[in-house]
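**Q** Pasting a structure below so you can have a look.
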Amino acid sequence: MLKTLEDSVVFRIVRTIAAGGMGSVYEARQVGAAGFEKRVAIKTILPEFSADQHFVDLFIQEAKLVADLVHENIVQIYQFGFSKRHGHYIVMEYISGLTLAEFIRVNAATHTCVPEELAVFIVSRIARGLAYAHTRVGRTGLPLNIVHRDVCPNNILITTEGLPKLGDFGIAKAATQAVATRGGKRSYMSPEQATSGQVDGRSDIYSLGLVLFELLARRSARGIWLDRLGEAARAGWVDWEALDPGISAPVRAILERMLQRDPEQRYAASDRLAYELEYCIYHQGYGPTVVTLEAYLRKHFSGLYLQDAPPLRLPGAGGTIAIPVE
58 MLKTLEDSVV FRIVRTIAAG GMGSVYEARQ VGAAGFEKRV AIKTILPEFS ADQHFVDLFI
118 QEAKLVADLV HENIVQIYQF GFSKRHGHYI VMEYISGLTL AEFIRVNAAT HTCVPEELAV
178 FIVSRIARGL AYAHTRVGRT GLPLNIVHRD VCPNNILITT EGLPKLGDFG IAKAATQAVA
238 TRGGKRSYMS PEQATSGQVD GRSDIYSLGL VLFELLARRS ARGIWLDRLG EAARAGWVDW
298 EALDPGISAP VRAILERMLQ RDPEQRYAAS DRLAYELEYC IYHQGYGPTV VTLEAYLRKH
358 FSGLYLQDAP PLRLPGAGGT IAIPVE
């Protein structure tokens, strides 16, 4: 009976996807036997931060926390490892597409209003991913009570097939884990996260509400009012005039509930939020799907983000990382 299977894992670096903050993300090819290759993304810690034990602990926590989160609306992690030469690394699903931040930016730059049904569709899918994470049960049978704590456009991705995914659980925390930080993008923090840091899943709902508001805001409000959106909302003042006047009453009602300062007044669970968002777009028996969003991307983003960027001539590009099983 097979009990242990040992092998070496080789990743061929193609290009740097992103570098900054405290880490880097690379596009890579996982190389196997008989010409097998799999496209993956590899997340590493920058050398200057590898000695920061708190940051390393957060990095390890992310890998362990997301390892068992298998959902179509969450970026999947395949492997976590350590190499004496390259340090800690996370191997995760490669996403061909763009971030929601890029999606919003380009729509604003081209004076294109995001259709309400597409905005609601995107947010409903992320709500489903959050509902899965919030209710995940650990291997002991106890609820993990995972809270993402950094829901924002930069951490939401849209694949070229029109599938929204939530990524970067770098500061997420389960109730059973001790490593914590207030973290997150302050612009999208809930009032309770910005003050006490004591949060549950309803904090993620608030942050997702700010994302939905940004998607539905009038073009003239972008870049002027939206920079102050988070602070104003946390203070209990939301400029509803900044919303596109064509927004339907049911969607506005959902948004108002998501952005309540008091967590008790928000949706108690993300699955209920997802249900109400879905009802808004599907109650007539039909509505947007990944095919609809893909068609929108092909129309408005052709040649901008849907084609893979050419490999960058950066240090390490084209090299190989051979990581033995240790």
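One gets the numbering used here by counting positions in the sequence shown from 1 and adding 57 to each.
Each residue gets a CB set at the ideal place from its N, CA and C atoms; glycine is no exception.
Every value quoted in this text rests on a predicted model; they were computed, and no experiment measured them.
The beta strand (DSSP E) that contains residue 68, what's its start and end?
**A** Taking the sequence shown and counting its residues from 1, one reaches residue 68 at position 11. From DSSP, the beta strand (DSSP E) with residue 68 extends over 65-77.
**Q** For the region 139-166, list the alpha helix (DSSP H) runs that are entirely contained and at least 4 residues long, ordered along the chain.
**A** With a minimum length of 4 residues, the continuous alpha helix (DSSP H) runs that stay inside the region 139-166 are 157-166.
**Q** Identify which residue in 338, 75 and 294 has its Cα closest to the Cα of residue 319.
**A** As a working mapping, residue 319 is identified with position 262 in the sequence shown. Taking only the C-alpha atoms, the option nearest residue 319 is 294.
**Q** I need the straight-line Cα distance from residue 315 to residue 308, nearest angstrom please.
**A** Residue mapping note: residue 315 aligns to position 258 of the sequence shown, counting from 1. Residue mapping note: residue 308 aligns to position 251 of the sequence shown, counting from 1. Each residue's Cα considered, the two are about 11 Å apart.
**Q** Quick check: what's the CA-CA separation for residue 262 versus residue 72?
**A** Start at 1 with the first residue of the sequence shown, and residue 262 comes out as number 205. Start at 1 with the first residue of the sequence shown, and residue 72 comes out as number 15. Roughly 34 Å between the two C-alpha positions.
**Q** In whole angstroms, what separates the C-alpha of residue 113 from that of residue 76?
**A** Residue numbering aside, residue 113 sits at position 56 when the sequence shown is read from its first letter. Residue numbering aside, residue 76 sits at position 19 when the sequence shown is read from its first letter. So the alpha carbons of these two residues sit roughly 17 Å apart.
**Q** Following the continuous beta strand (DSSP E) through residue 98, name the residue where it begins and the one where it ends.
**A** Taking the first residue of the sequence shown as position 1, residue 98 is located at position 41. Counting along the chain, the beta strand (DSSP E) containing residue 98 begins and ends at 94-102.
**Q** Identify which residue in 304, 203 and 130 has its Cα closest to the Cα of residue 185.
**A** For the purposes of this step, residue 185 is identified with residue 128 of the sequence shown, where counting begins at 1. When only C-alpha atoms are compared, the closest one is 130.
**Q** Assign residue 125 to one of two classes, buried (16 or more other C-beta atoms within 10 Å of its C-beta) or exposed (fewer than that).
**A** As a first step, residue 125 is located in the sequence shown; it is residue number 68 there, counting from the start. Under this definition residue 125 is an exposed residue.
**Q** Put residue 218 into one of helix, strand or coil per three-state DSSP.
**A** In the sequence shown, residue 218 corresponds to position 161, counting from 1. Three-state result, residue 218: coil.
**Q** How many angstroms separate the CA atom of residue 236 from the CA atom of residue 137?
**A** Numbered from its first residue, the sequence shown carries residue 236 at position 179. Numbered from its first residue, the sequence shown carries residue 137 at position 80. Legend: pLDDT at residue 236 = 46, less than 50; position of this residue unreliable, value from coordinates given subsequently. One C-alpha to the other measures close to 18 Å.
**Q** Rounded to whole angstroms, what is the Cα-Cα separation between residue 223 and residue 121?
**A** Start at 1 with the first residue of the sequence shown, and residue 223 comes out as number 166. Start at 1 with the first residue of the sequence shown, and residue 121 comes out as number 64. About 17 Å.
**Q** Excluding the five sequence neighbours on either side, which residues of its own chain have a C-beta within less than 8 Å of the C-beta of residue 303, listed in chain order?
**A** Sequence index remark: in the sequence shown, residue 303 carries index 246 (1-based). Counting only Cβ-Cβ distances below 8 Å, and skipping sequence neighbours, we find 173.
**Q** Under 8 Å by Cβ, that's how I've got residue 190 and residue 203 pegged, so tell me the actual separation to the nearest angstrom.
**A** Locating residue 190 in the sequence shown gives position 133, counting from the first residue. Locating residue 203 in the sequence shown gives position 146, counting from the first residue. Contact holds; Cβ gap of about 5 Å.
**Q** DSSP three-state call for residue 200: helix, strand or coil?
**A** Position 143 of the sequence shown, counted from the start, is the residue given in the question as residue 200. In the structure shown, residue 200 sits in a strand (DSSP, three-state: E or B).
**Q** Are the Cβ atoms of residue 95 and residue 82 separated by less than 8 Å?
**A** Against the sequence shown, residue 95 aligns to sequence position 38. Against the sequence shown, residue 82 aligns to sequence position 25. Result no, Cβ atoms of residue 95 and residue 82 do not sit closer than 8 Å.
**Q** Give every residue of the same chain whose Cβ lies closer than 6 Å to the Cβ of residue 150, excluding the five residues on either side of it in the sequence, and list them in chain order.
**A** For this step, residue 150 is matched to residue 93 along the sequence shown. Correct list, in chain order: 132 and 133.
**Q** In angstroms with no decimal places, state the Cα-to-Cα distance between residue 338 and residue 210.
**A** Your numbering for residue 338 matches position 281 in the sequence shown. Your numbering for residue 210 matches position 153 in the sequence shown. Using only the alpha carbons, I get a separation of about 21 Å.
**Q** Using alpha carbons as the reference points, say which of 196, 249, 65 and 157 lies closest to residue 323.
**A** Stepping through the sequence shown from its first residue, residue 323 is reached at position 266. Nearest C-alpha to residue 323: 249.
**Q** Of the residues 80, 141 and 88, which one's Cα is nearest the Cα of residue 115?
**A** Taking the sequence shown and counting its residues from 1, one reaches residue 115 at position 58. Ranking the options by Cα distance to residue 115, first place goes to 80.
**Q** Compute the beta-carbon to beta-carbon distance between residue 258 and residue 326, rounded to the nearest angstrom, for a pair I have assumed lies under 8 Å.
**A** Sequence index remark: in the sequence shown, residue 258 carries index 201 (1-based). Sequence index remark: in the sequence shown, residue 326 carries index 269 (1-based). The Cβ separation is near 7 Å, so the contact holds.
**Q** With a threshold of 16 other CB atoms inside 10 Å of the CB of residue 156, please say whether the residue is buried or exposed.
**A** Position 99 of the sequence shown, counted from the first residue, corresponds to residue 156. The residue in question, residue 156, is buried, as its Cβ has 16 or more Cβ neighbours within 10 Å.
**Q** Measuring straight from C-alpha to C-alpha, what distance separates residue 255 and residue 246?
**A** Residue mapping note: residue 255 aligns to position 198 of the sequence shown, counting from 1. Residue mapping note: residue 246 aligns to position 189 of the sequence shown, counting from 1. Rounded to the nearest angstrom, the two C-alpha atoms are 12 Å apart.
**Q** Assign residue 93 to one of two classes, buried (16 or more other C-beta atoms within 10 Å of its C-beta) or exposed (fewer than that).
**A** Translated into positions along the sequence shown, residue 93 becomes position 36. Residue 93 comes out exposed.
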